[in-house]
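*Asks:* Taken in order, the sequence shown gives residues 32 to 401; the numbers are from the working numbering. Heads up, the beta-carbon is just placed ideally off N, CA and C, and yes, glycines get one too. Encoded as structure tokens, here's the structure I'll be asking about.
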Amino acid sequence: MVAAEHAEVREVLNVRADQAVFRPLPYNPGNGVTAGVWRVTGGDRSAVLKVLTRTKETGVAWAASNDPRHWNFWRREAYVYRSGLAQVWQRHGIRAPRLLECAERPDGDVALWLEDVPGEPATAWSFARHVDHAHRLGTAQGAVGAGEDTPWLSRGFLRDYISGQTTGQDLLDADEAWRHPLIRRHFPPGLREDMVRLHHDRAWFLTVMESLPRALSHLDQWPANLRSDGTGAGVLLDWAFTGDGALGEDLGNYLPDCVFDLFLPAADLPGLAKTAYDAYVQGLRQSGWRGDERLVRLGVCASAVKYDWLTALMLARADEEQVAYGGEDTVPAGLRYRERGLTLAFLAEWAAEARLLAPLLGFPEAPSGR
32 MVAAEHAEVR
42 EVLNVRADQA
52 VFRPLPYNPG
62 NGVTAGVWRV
72 TGGDRSAVLK
82 VLTRTKETGV
92 AWAASNDPRH
102 WNFWRREAYV
112 YRSGLAQVWQ
122 RHGIRAPRLL
132 ECAERPDGDV
142 ALWLEDVPGE
152 PATAWSFARH
162 VDHAHRLGTA
172 QGAVGAGEDT
182 PWLSRGFLRD
192 YISGQTTGQD
202 LLDADEAWRH
212 PLIRRHFPPG
222 LREDMVRLHH
232 DRAWFLTVME
242 SLPRALSHLD
252 QWPANLRSDG
262 TGAGVLLDWA
272 FTGDGALGED
282 LGNYLPDCVF
292 DLFLPAADLP
302 GLAKTAYDAY
312 VQGLRQSGWR
322 GDERLVRLGV
332 CASAVKYDWL
342 TALMLARADE
352 EQVAYGGEDT
362 VPAGLRYRER
372 GLTLAFLAEW
382 AAEARLLAPL
392 LGFPEAPSGR
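Pasting the structure below:
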């Protein structure tokens, strides 16, 4: 442990450094912004330590950026916490962990010491609790502006994020990849045509998403980044991508991610998506938002483009061991491919709805199918 960590432990936990226990927590090791995440306990106190860095190079899929507008700007999360922006939705029932300490280290890294939230993770939430979160999210995004004047909020997240996801794209048109037993057995009929069309329509979908009403967006909402604080509020973690998004984009990310990592069964997704969408719109209206609801629906449906890359990735990794989130366990390949295949088919329905809805709202028609 370096001297800086010794001082941080004393400040946050009020114990000597040799009395503190560091336990690693799951995070995305391929993100060059994150050096590591730990739960640190000492005496009767605990905290979560997240170290932000710009110098990580080994095993990095997402390089850190020094550009404050870039989707992976390495200092953004520190700015979100230190500015108070992370608590901007708190009165609507969604908050961030409390910032206990933000320490600039001599090596240039930034140490975020955060509240260790003890509540139930959203990975174990009930159907009704997910719907309640959607309602709170609608209320929050309807009431809070988009934050246009904040120089370090991300801009163009969706386009830049998707452009960096290229694994397996050459397999979308490869007959052999689609004949793999996992794919043949677990991907629904017609999915190939739908996903190839989504890929070829990607530029149209991105243009639609960038033209919709804006909202301050978290841009990484999924059950592993959310938990209850025990009082009914949701505590949202990992604000590293925070910035400009389309109204409905966060919800369009959250719902399929409930299934992609096996937190909910795919069979529940259609019912959850309908009920959660209705709750989100109700929250918008209760906050005073008076826009055209069809624009919100378009934002949710067109956000299916965020997962354009996932089909190609599944084709590329069909022969690999299927690792669960966090990297410590594996999941049955058949289960993962069945659930993801059904979810991708659901997203194809969203994409089809977006193609029909957009021209009614003044957008150009989508390119014709292949």
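Identify the continuous alpha helix (DSSP H) that holds P398 and give its terminal residues.
*Replies:* For P398, there is no enclosing alpha helix (DSSP H), as DSSP marks it with neither H nor E.
*Asks:* Are S248 and G276 closer than 9 angstroms when you measure CB to CB?
*Replies:* yes
*Asks:* Counting pairs of beta carbons, one from the region 297-314 and one from the region 156-168, are three or more of them closer than 8 angstroms?
*Replies:* As far as the Cβ criterion goes, the region 297-314 touches the region 156-168, which means the pair count is three or higher.
*Asks:* Taking the beta carbon of T273 as the centre, do at least 16 other beta carbons fall within 10 Å, making it buried, or is it exposed?
*Replies:* buried
*Asks:* Label P57 either buried or exposed according to how many other C-beta atoms from any shown protein chain fall within 10 Å of its C-beta, with 16 as the threshold for buried.
*Replies:* That one is exposed.
*Asks:* Could you compute how far the alpha carbon of R401 sits from the alpha carbon of R113?
*Replies:* Below a pLDDT of 50, predicted positions are generally treated as unreliable, and R401, at 47, falls in that range; the measurement from the model is reported next regardless. Answer to the nearest angstrom: the Cα atoms are 49 angstroms apart.
*Asks:* Starting from T65, follow the alpha helix (DSSP H) in both directions and report where the run begins and ends.
*Replies:* That residue, T65, is in no alpha helix (DSSP H); its beta strand (DSSP E) goes 65-73.
*Asks:* How long is the line joining the alpha carbons of A333 and M240, rounded to whole angstroms?
*Replies:* 7 angstroms
*Asks:* Using the beta-carbon count (16 or more within 10 Å), is V354 buried or exposed?
*Replies:* exposed
*Asks:* If you draw a straight line from the alpha carbon of G195 to that of H166, how long is it in whole angstroms?
*Replies:* 32 angstroms
*Asks:* Using the C-alpha atoms, what's the distance from F53 back to V79?
*Replies:* 9 angstroms
*Asks:* Whole angstroms are fine: how far does the CA of R367 sit from the CA of A298?
*Replies:* 13 angstroms
*Asks:* When you compare each of G314, G67, Q121 to L173 by their alpha carbons, which one comes out closest?
*Replies:* For the sequence presented, residue 173 should be read as Gly rather than Leu. It is G314 whose Cα lies nearest to the Cα of G173.
*Asks:* Closest to A379 by C-alpha separation, out of G358, A389, A92, T342, would be which residue?
*Replies:* T342
*Asks:* Starting from R210, follow the beta strand (DSSP E) in both directions and report where the run begins and ends.
*Replies:* Per DSSP, R210 belongs to no beta strand (DSSP E) and is neither H nor E.
*Asks:* Tell me the rounded alpha-carbon separation between R106 and E396.
*Replies:* 39 angstroms
*Asks:* How many Å lie between D251 and C289 at the Cα?
*Replies:* 12 angstroms
*Asks:* Tell me which same chain residues have a C-beta within less than 6 angstroms of the C-beta of P99, skipping the five on either side of it?
*Replies:* Cβ neighbours of P99 beyond the five flanking positions: P182, W183.
*Asks:* Quick check on N62: does DSSP put it in helix, strand or coil?
*Replies:* strand
*Asks:* Return yes when the Cβ of N59 is within less than 9 angstroms of the Cβ of S93, no when it is not.
*Replies:* It should be pointed out that residue 93 corresponds to Trp in this sequence rather than to Ser. In this structure, N59 lies closer than 9 angstroms to W93 by Cβ.
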